[in-house]
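Down below is the structure, laid out as structure tokens.
Residue numbers (my numbering): 36 to 214.
Structure follows, in structure tokens:
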């Protein structure tokens with residue numbers, strides 16, 4: 036019994052910092068209404084939670100409208116895009132213990148899917164050592180991505196509301212000029 040308690044306590048001590056970090060990150064992400072910083076926060080948080088050496092977000096530009104820097108995607112360039120495509124097509128996280136790339140051996144591809152079921156993009160995380168990511172990293176990324184997709188939806192709604200306000204002001208000004 037005591038051995039089981041000690042193991043459970045050790046597991047809890049190991050998980051607590053990650054969950055605390057995820058909670059703090061969630062507060063920062065959900066407060067952000069501008070898309071570019073939001074994507075940046077996501078990349079930074081994903082790297083911090085998983086100790087990934089490389090992080091890129093390959094988004095659907097028609098959905099988000101932000102372009103990833105080519106430097107962020109460069110470490111993944113010599114990998115088969117099939118992992119990213121598989122994550123996107125099957126709408127599930129894909130973990131590869133040895134992807135065989137020069138810069139990236141361990142890989143996780145995480146699809147971002149909005150509340151309405153729309154594909155937003157795929158978050159790629161890489162590490163130069165094989166078998167670097169495990170179940171813990173998958174759990175933390177799942178929590179992060181769920182918070183990020185809500186934040187992206189909120190940012191898109193905020194941007195749409197701002198556009199509508201601007202359009203109404205212009206219409207009011209045009210009407211006032213006519214009177």
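The beta-carbon is built from N, C-alpha and C at its ideal position, and this holds for glycine as well.
In this text the structure is predicted, and so the values were computed from the model without any measurement.
Can you give me the C-alpha to C-alpha distance between residue i and residue j, rounded to a whole angstrom?
{"i": "residue 74", "j": "residue 146", "result": "14 Å"}
{"i": "residue 91", "j": "residue 152", "result": "22 Å"}
{"i": "residue 140", "j": "residue 165", "result": "5 Å"}
{"i": "residue 37", "j": "residue 47", "result": "15 Å"}
{"i": "residue 159", "j": "residue 67", "result": "21 Å"}
{"i": "residue 72", "j": "residue 178", "result": "19 Å"}
{"i": "residue 70", "j": "residue 94", "result": "12 Å"}
{"i": "residue 170", "j": "residue 127", "result": "14 Å"}
Would you kindly report the start and end of the unbroken alpha helix (DSSP H) that includes residue i?
{"i": "residue 68", "result": "Residue 68 -> no alpha helix (DSSP H), and no H or E assigned at all."}
{"i": "residue 88", "result": "No alpha helix (DSSP H) contains residue 88, which DSSP labels as neither H nor E."}
{"i": "residue 130", "result": "First-last for residue 130: 129-131, but that is the beta strand (DSSP E), not the alpha helix (DSSP H)."}
{"i": "residue 126", "result": "Careful: residue 126 lies outside any alpha helix (DSSP H) and carries neither H nor E."}
Cβ atoms of residue j and residue i: under 9 Å apart, would you say?
{"i": "residue 185", "j": "residue 150", "result": "yes"}
{"i": "residue 87", "j": "residue 162", "result": "yes"}
Would residue i count as contacting chain C if we go by Cβ distances under 9 Å?
{"i": "residue 59", "result": "Among the chains of the structure shown, chain C does not appear; only one protein chain is present."}
Evaluate contact between the segment 75-86 and the segment 56-66, counting only Cβ atoms and requiring at least three cross-stretch pairs below 8 Å.
Because the criterion of three Cβ pairs below 8 Å is met, the segment 75-86 and the segment 56-66 touch.
Determine contact between the segment 193-203 and the segment 173-185, defined as no fewer than three beta-carbon pairs at a distance below 8 Å.
Contact between the segment 193-203 and the segment 173-185 is absent: fewer than 3 CB-CB pairs across the two stretches fall below 8 Å.
If we require 4 or more residues per run, which alpha helix (DSSP H) segments fall completely within the segment 135-182?
Fully enclosed alpha helix (DSSP H) runs of 4 or longer: not present.
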